[in-house]
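Those letters in the sequence shown? Residues 10 to 335, by full-length UniProt numbering.
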Amino acid sequence: VNLPKLLREMPKAELHIHIEGSLEPELIFALAERNGVKLPYANVEALRAAYAFTNLQSFLDIYYAGASVLLHEQDFYDMAWAYLQRAAADHVVHTEIFFDPQTHTERGVPMATVINGLHRACADAQTQLGVSAQLILCFLRHLSEEAALHTFQEALPFKDKFIGVGLDSSEVGHPPEKFKNVFALAHAHGLHLVAHAGEEGPPAYMWSALDVLRVERIDHGVQAVHDAALMARLAKDRTPLTVCPLSNQKLCVFPDLKDHNIGQLLDAGLCVTINSDDPAYFGGYINDNFVQTFEAAGLTAQHAYVLARNSFEASFVTEAQRQKWI
Ligand code: HPA
Ligand code: ZN
């Protein structure tokens, strides 16, 4: 078989994509111009040259600066629509998209502007691209739980426009249990729960994401290999890990893609998925993640089938819809 062709053409779900991380430098500059926002970079090339990351925080600083050009509902629509077209080209048939409202509301952008723009793009993706797209609201873990609770209250009038809540931004020093109350509240509202854990942080953060926040999926989770009991738990419960190999490489979680532990996670029987995280910053969309990871880790067509199947198993779609894809 032509493995790269199989990887690129197979139907798949993407479950770990930050919409602000899909903002390409060209669109950042176009929006800066349209909105009269001054950027601390002279041009697209200068901005791209700054994409040399050493860890998560060095990326987040630039990622939040890039998002500062987003002001109006149409800006959020244009960003999401660009991603959705790109996802459709990669044969993504379903996507669950993270957004960071606090990055925008802290700059004075209304919650309605953010959610309505993103949601309109998701609705158009279904009708115009045949891609089902849902939104997951992420809390910034470097901010307080009080701020997260305030953000959740602001988002509640739009509860029909997102399916769950997540937790992202600077991991180390901000353990999941800091957000126990807001996750319990989101659960009481019938929302799905996910959290970033075990990207740079220890296995202990994965345990508390599972046992304190009661999440249904863990985003990244690659540090699980350092805890045998955790590996057994994840395998037994089939708790999905939304792994992002190019992100891990670019943020120096692993020295090189060939050092990534995805093969070990798959061999242990975990429900692993492959995703792009922040494709505009990490040098590739989901299919680039698949092709480069398979090449570096020596994965096979059998792994391709397992990973595609896992992506639908791990998704928050109805059982009837899942059966159509599996
Ligand atoms: N980790 C934490 N926060 C993030 C990431 C990530 O990989 N991408 C965007 N926000
Ligand atoms: Zn992420």
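C-beta: ideal position from N, C-alpha, C; glycine also.
Annotation for residue 205 indicates a beta carbon within 7 Å of some heavy atom of the ligand ZN.
With respect to the C-alpha of residue 190, the residue from 161, 179, 209, 167 having the closest C-alpha is 161.
Annotated as proximal: residue 157 and residue 188, with beta-carbon spacing under 8 Å.
Here the segment 34–43 does not lie against the segment 227–239, with fewer than 3 beta-carbon pairs under 8 Å apart. Excluding the 5 residues flanking it on each side, residue 24 has same chain C-beta neighbours closer than 8 Å at 104, 105, 226, 249, 251, 282, 284, 320, 323, 324, in chain order.
Judged by the Cβ position, residue 269 fails to qualify as a neighbour of the ligand ZN at the 7 Å threshold, every heavy atom of the ligand being at least this far.
Judged by DSSP in its simplified three-state form, residue 280 adopts coil rather than helix or strand. Shortest Cα-Cα distance from residue 205 to any of 247, 184, 220, 277 involves 184.
Assigned with DSSP and collapsed to three states, residue 261 falls in coil, not helix or strand. By the 16-neighbour rule on beta-carbons within 10 angstroms, residue 294 is buried. Membership of residue 328 in the alpha helix (DSSP H) is indicated by the continuous run 328–334. Residue pairing of residue 228 in beta bridges, as defined by DSSP: 205, 251. Here residue 274 carries a helix assignment [DSSP, helix/strand/coil]. In this structure, the alpha-carbon of residue 288 lies about 6 Å from that of residue 30.
The alpha helix (DSSP H) runs of length 4 or more contained entirely in the segment 134–190 are, from start to end of the chain, 154–164. With respect to the 8 Å criterion, residue 181 and residue 148 are not classified as neighbours on the basis of their beta carbons. Nearest to residue 203 by alpha-carbon distance, out of 304, 302, 228, 131, is 228. Shortest gap from the CB of residue 201 to any heavy atom of the ligand ZN: 7 Å or more.
Beyond the five residues adjoining it in sequence on each side, residue 86 comes within less than 6 Å, by CB distance, of 126, 129, 130 in the same chain, given in chain order. Rounded to the nearest whole angstrom, the C-alpha separation of residue 94 and residue 88 is 10 Å. Residue 106: member of the beta strand (DSSP E) spanning 101–108, first to last residue.
Here residue 267 really is in contact with residue 306; their C-beta atoms are around 7 Å apart, less than 8 Å.
Membership of residue 35 in the alpha helix (DSSP H) is indicated by the continuous run 34–44.
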